[in-house]
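Here's the structure, in structure tokens; my notes come after.
There are 2 protein chains.
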Amino acid sequence: MKEGPDIARVAALIGDPARANMLTALMSGKALTVSELAEEAGVTIQTASSHLSKLDEGGLLRPRKQGRHKYFGLASDDVAHVLEGLMGLAAGSGHLRKRIGPRDAELRQARVCYNHLAGDKGTQLFDSLIAQEYLRHDGEHIVLTKAGAAFAERFEIDIDGLRKARAPLCRECLDWSERRSHLAGSLGRAFLGRFEELSWAKRDQKTRVVTFSAKGAKAFDGMFPVSR
Amino acid sequence: MKEGPDIARVAALIGDPARANMLTALMSGKALTVSELAEEAGVTIQTASSHLSKLDEGGLLRPRKQGRHKYFGLASDDVAHVLEGLMGLAAGSGHLRKRIGPRDAELRQARVCYNHLAGDKGTQLFDSLIAQEYLRHDGEHIVLTKAGAAFAERFEIDIDGLRKARAPLCRECLDWSERRSHLAGSLGRAFLGRFEELSWAKRDQKTRVVTFSAKGAKAFDGMFPVSR
DNA sequence: CCAATACTTCGATTATTGTCGAAGGATGAA
DNA sequence: TTCATCCTTCGACAATAATCGAAGTATTGG
């Protein structure tokens, strides 16, 4: 029996139910403590601690200590991306269509993907920003146009501030429920934050579901129209 | 202990070394027999058979029987995509940079990803086709322009024939070694096939490495220029 | 038809790994 | 300082799953 490729090692880390539950909980982009993650997984704190150590060593998580509390977040966008991909496979978007439950429909409509908006609403945002030429493809990158920067500033997003930070401003993130791109990067995160500030959308504290109010959805559709 | 999300089930399937070896072997896009896959994994035929049954039931593989032979291929692009993502994580592109071995460098340069060209050369192809407006983003899709169709026909790719088939013509596939898109879909596959016909590039029979001859690389660079 | 080849299924064995109770170390608040 | 809380580590146990020999079924070629 040959030694497996490294993908076996990474996949095996995700392939344990307790660890998968914890990773899924972290898809919201929040960092959670060992105790919180133990609860998410439904195991004792000592078991959770052991699992988290493995995920850390495997490069999937990033720990941060604050006094007696130790917080874990996903290590990177890439981890989130792979988890999204696995969700797509698990949902049978590969080639068999599974029955969709109510929660699934909500997640498909709008959900948090590592702090930015994903799902139908997420891809609508991206498509509209492209269509209105606020974003454009520049060969290998997505860049914010001048018109886009002005638009964002009018929407009270501090573009200069975002540009000063280390995080990339715009990134494409392939949305596995929609099979198209949604906007990641600090701008994507800023948009979601703004939708919350305006009470257009509300993040479910327990899941990744993002719920748009009727008023918020109307405002969103007005501001981010797409030809569909 | 809570029951795990479905991603645990899918990931666990990939997380076994024997199964991971088989999936990796199938990334070339070829379909292999049970015996061949047993050899790839370094297990007996009966063990391989058992594993393949699980991968089939899990929706990751698609079997096809031909007389006494049973061939397995990856179920879809999506499966290939997730495997690529895991490779990126395993390579530490997440946040830790692993030492790159000789084989890694070759795979990064040019490799087969489910029958189309990936790696540096793959993203170059995509970027150039976009830059030359042979391909363009149409909101959610990549479409071949008229100019692009003409270009492809001049390159002796039967666009009408491809359009008649069920497979999508153009698809973006996120390239994990390059972190940008490369061209998937039937057009992507046709391009790789053509490069082989012209002896510009040669597929390694044992691995996914695609090697461009000096002459081929020169011709490729000439036909698919990018501003880099 | 028979022999060879390809694959499937069964069952026993073994190794691995998740789990939790117990114990201990670190931190913060009273 | 003491106590409560958070987390880590250790060790024992139990469950799971990969593995292969054996046996059986299906297909093909001579």
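For the protein sequence lines, the chains are A and B, in the order given. Mapping to this note's numbering: the first sequence position 43 is 43, numbers consecutive. One rule links them: number in this note's numbering = place in the second sequence (from 1) + 1000. Note that beta-carbon positions come from the ideal geometry of N, C-alpha and C, so glycine has one too.
Contact set for residue i: own chain, Cβ-Cβ below 8 Å, skip 5 residues either direction
i	result
residue 1077/B	1114, 1171, 1173 and 1184
residue 180/A	123, 126, 127 and 174
residue 75/A	59, 60, 61 and 62
residue 196/A	202 and 203
residue 43/A	18 and 51
residue 1219/B	1198 and 1200
Local Cβ density within 10 Å of residue i, reported as buried at 16 or more and exposed below that
i	result
residue 1088/B	buried
residue 1225/B	exposed
residue 1019/B	buried
residue 68/A	exposed
residue 1167/B	exposed
residue 14/A	buried
residue 12/A	buried
residue 1024/B	buried
residue 93/A	Confidence is the limiting factor: at residue 93/A the pLDDT is only 44, short of 50, which leaves the residue's position unreliable and the question unanswerable from this model.
residue 1035/B	exposed
residue 7/A	buried
residue 96/A	Bear in mind that a pLDDT of 38 at residue 96/A, under 50, signals an unreliable position, so the number given afterwards is only what the model happens to contain. So residue 96/A ends up on the exposed side.
residue 141/A	exposed
residue 1153/B	exposed
Span of the alpha helix (DSSP H) around residue i
i	result
residue 1030/B	No alpha helix (DSSP H) contains residue 1030/B, which DSSP labels as neither H nor E.
residue 138/A	Per DSSP, residue 138/A belongs to no alpha helix (DSSP H); it is in the beta strand (DSSP E), 135 to 138.
residue 112/A	No alpha helix (DSSP H) contains residue 112/A, which is instead part of the beta strand (DSSP E) from 111 to 113.
residue 1226/B	Taken as a continuous stretch (DSSP letters only), residue 1226/B belongs to no alpha helix (DSSP H), as it is neither H nor E.
residue 1012/B	1006 to 1014
residue 1024/B	1017 to 1025
residue 1147/B	1146 to 1154
Bounding residues of the beta strand (DSSP E) (the contiguous stretch that carries residue i)
i	result
residue 1118/B	1116 to 1118
Proximity test, residue i beta-carbon vs the ligand FMN heavy atom, cut-off 7 Å
i	result
residue 187/A	Here there are no bound small molecules, and the ligand FMN is not part of this structure.
6 Å Cβ shell around residue i - same chain, five flanking residues per side excluded
i	result
residue 1037/B	1022 and 1048
residue 1182/B	1118, 1122, 1123, 1126, 1173 and 1175
residue 1148/B	1134 and 1135
residue 1046/B	none
### Task
Taking only runs that begin and end inside the region 156 to 215 of chain A, name each unbroken alpha helix (DSSP H) of 4 or more residues, in chain order.
159 to 164 and 185 to 197
### Task
Pair every Cβ in the region 1109 to 1124 of chain B with every Cβ in the region 1185 to 1202 of chain B, then say whether three or more of these pairs are closer than 8 Å.
yes
### Query
Does the region 1132 to 1142 of chain B come within contact of the region 118 to 138 of chain A, defined as at least 3 CB pairs closer than 8 Å?
yes
### Task
Tell me the start and end of each unbroken alpha helix (DSSP H) in the region 1037 to 1088 of chain B that is at least 4 residues and wholly inside, in chain order.
1045 to 1057
### Task
Determine contact between the region 153 to 160 of chain A and the region 203 to 211 of chain A, defined as no fewer than three beta-carbon pairs at a distance below 8 Å.
no
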